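> In full-length UniProt numbering, the protein residues as written are 1 to 276.
Next up is a structure, given as structure tokens.
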């Protein structure tokens with residue numbers, strides 16, 4: 001019978017032996033995940049038993065967020081001014097570590113506004129306002145709505161439609177008639193866009209959270225064989241996490257889509273995101 005050990009135990013044990021072996025070269029001080037991958041990643045996941053995620057309050061379940069992408073993880077996304085540690089690519093310390101939310105960067109130990117996003121929306125808005133005065137342009141020319149930091153607001157009313165955008169001004173999945181878009185947050189579309197940018201090609205390999213047609217989070221979420229109730233605006237877990245066999249026990253299950261329908265919705269959503 002194969003013997004399974006926890007992910008953390010394998011990483012710490014491997015790190016210890018390699019550090020001892022290389023102690024006279026100062027290699028241990030600069031040791032990183034990329035170094036360890038050379039020794040273990042090829043068949044690493046075969047001997048790893050992923051920890052069960054029973055509680056993810058005030059966090060989000062992120063696919064393949066652990067070392068070598070073997071296991072899912074509960075990740076907390078930090079708000080502005082919350083203390084943080086600047087991520088170092090390939091560092092063992094980054095595994096399952098909290099991250100600054102989309103649009104923020106860890107600067108001097110605090111989650112701060114990403115200055116690279118500032119003024120883009122304001123500059124476009126100013127240019128559009130100038131164009132409006134020219135005879136060749138109609139008065140209803142789209143004027144982008146900007147946040148206080150100068151980035152694009154999530155919901156933009158364009159061509160008589162409320163449409164989701166990311167902070168950089170790229171159109172995302174999610175739209176609605178303006179009269180029905182009062183509570184439209186586009187938070188799910190923005191979250192998936194953030195994951196797509198940060199995860200690269202691996203984003204399209206695995207299922208992600210499900211969004212409504214307006215770009216908000218579906219109340220009932222199922223990722224692999226785990227289901228839970230999520231906050232429609234933040235996506236945070238608001239219930240216990242259960243296996244799909246016990247999905248009917250969740251308070252948000254009544255009237256929700258079936259598991260197969262959720263999978264179909266996720267596939268359609270991913271296709272639409274790739275189009276945009």
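Note that CB positions come from ideal geometry on N, CA and C, so glycine has one too.
In this text the structure is predicted, and so the values were computed from the model without any measurement.
On the three-state DSSP scale, how would you describe residue 265?
Below a pLDDT of 50, predicted positions are generally treated as unreliable, and residue 265, at 49, falls in that range; no measurement from the model is reported.
> Three-state secondary structure (DSSP) at residue 250?
Here residue 250 sits in coil by DSSP.
> Measure the alpha-carbon distance for residue 113 versus residue 147 and round it to whole angstroms.
Rounded to the nearest angstrom, the two C-alpha atoms are 11 Å apart.
> For residue 79, count the other beta carbons within 10 Å of its own beta carbon; 16 or more makes it buried, fewer makes it exposed. Which is it?
Under this definition residue 79 is an exposed residue.
> From this set, 210, 214, 250, 249, which residue's C-alpha is nearest residue 60's C-alpha?
Taking only the C-alpha atoms, the option nearest residue 60 is 210.
> Give the range of the alpha helix (DSSP H) segment to which residue 187 is assigned.
Run containing residue 187: 187–199, per the alpha helix (DSSP H) assignment.
> Work out the CA separation of residue 177 and residue 143 for me, nearest whole Å.
The alpha-carbon atoms of residue 143 and residue 177 are separated by roughly 17 Å.
> Out of 208, 124, 57, 245, which has the shortest C-alpha to C-alpha gap to residue 150?
For residue 150, the nearest C-alpha among the options comes from 124.
> Tell me the rounded alpha-carbon separation between residue 69 and residue 49.
Distance between the alpha carbons of residue 69 and residue 49 is about 13 Å.
> Could you tell me which uninterrupted beta strand (DSSP E) segments, each at least 3 residues in length, are contained entirely in the UniProt domain "Thyroglobulin type-1" (118–186), listed from first to last along the chain?
Listed in chain order, the complete beta strand (DSSP E) runs (minimum 3 residues) inside the UniProt domain "Thyroglobulin type-1" (118–186) are 155–158, 161–165, 171–176.
> Please identify the residue among 185, 81, 241 whose C-alpha is closest to the C-alpha of residue 173.
Checking every option, the nearest Cα to that of residue 173 belongs to 185.
> By alpha-carbon positions, which one of 197, 195, 188 ends up nearest to residue 231?
When only C-alpha atoms are compared, the closest one is 188.
> Between which two residues does the beta strand (DSSP E) harbouring residue 60 extend?
Note, residue 60: beta strand (DSSP E), 60–62.
> Less than 8 Å between C-beta atoms, sequence neighbours within five positions excluded: which residues of the same chain meet that for residue 242?
Hits under 8 Å: 226, 227, 228, 249, 250.
> Leaving aside the five residues before and after residue 168 along the sequence, list all residues of the same chain whose C-beta is less than 8 Å from its C-beta, in chain order.
Here the set comprises 117, 120, 151, 152.
> Suppose you measure from the CA of residue 161 to the CA of residue 180; what does that come to, to the nearest Å?
The straight-line gap from Cα to Cα measures roughly 10 Å.
> Is residue 213 helix, strand or coil when you go by DSSP?
Here residue 213 sits in coil by DSSP.
> Give me the residue from 128, 77, 83, 222 with the minimum Cα distance to residue 107.
That would be 83, whose Cα lies nearest to the Cα of residue 107.
> Since residue 131 contacts residue 141 with CB under 8 Å, what's their CB separation in whole angstroms?
Residue 131 to residue 141, Cβ: 6 Å. Contact.
> With respect to the beta strand (DSSP E) encompassing residue 112, which residues constitute its N-terminal and C-terminal limits?
Its beta strand (DSSP E) spans residues 110–113.
> Quick one: residues in its chain with C-beta nearer than 7 Å to the C-beta of residue 76, no 5 flanking neighbours on either side, listed in chain order?
58, 59, 98.
> Output the distance between the C-alpha atoms of residue 223 and residue 166, rounded to the nearest integer angstrom.
C-alpha separation (whole angstroms): 24 Å.
> Count the other CB atoms, across all protein chains shown, that sit within 10 Å of the CB of residue 296; report buried if there are 16 or more and exposed otherwise.
With the chain running from 1 to 276 in the structure shown, residue 296 is simply not present.
> Just mark residue 156 as buried or exposed, buried being the case when its beta carbon has 16 or more other beta carbons within 10 Å.
With 16 or more other Cβ atoms within 10 Å, it is buried.
> Between which residues of its own chain and residue 62 is the CB-CB distance below 7 Å, once the five residues before and five after are set aside?
Cβ within range, chain order: 72, 73, 75.
> Count the other CB atoms, across all protein chains shown, that sit within 10 Å of the CB of residue 247; report buried if there are 16 or more and exposed otherwise.
With 16 or more Cβ atoms within 10 Å of its Cβ, residue 247 is classed as buried.
> What does DSSP give as the partner residue(s) for residue 100 in the beta ladder?
Residue 100 pairs with 78.
> Rounding to the nearest angstrom, what Cα-Cα distance links residue 110 and residue 85 in this structure?
Cα-Cα distance, rounded: 8 Å.
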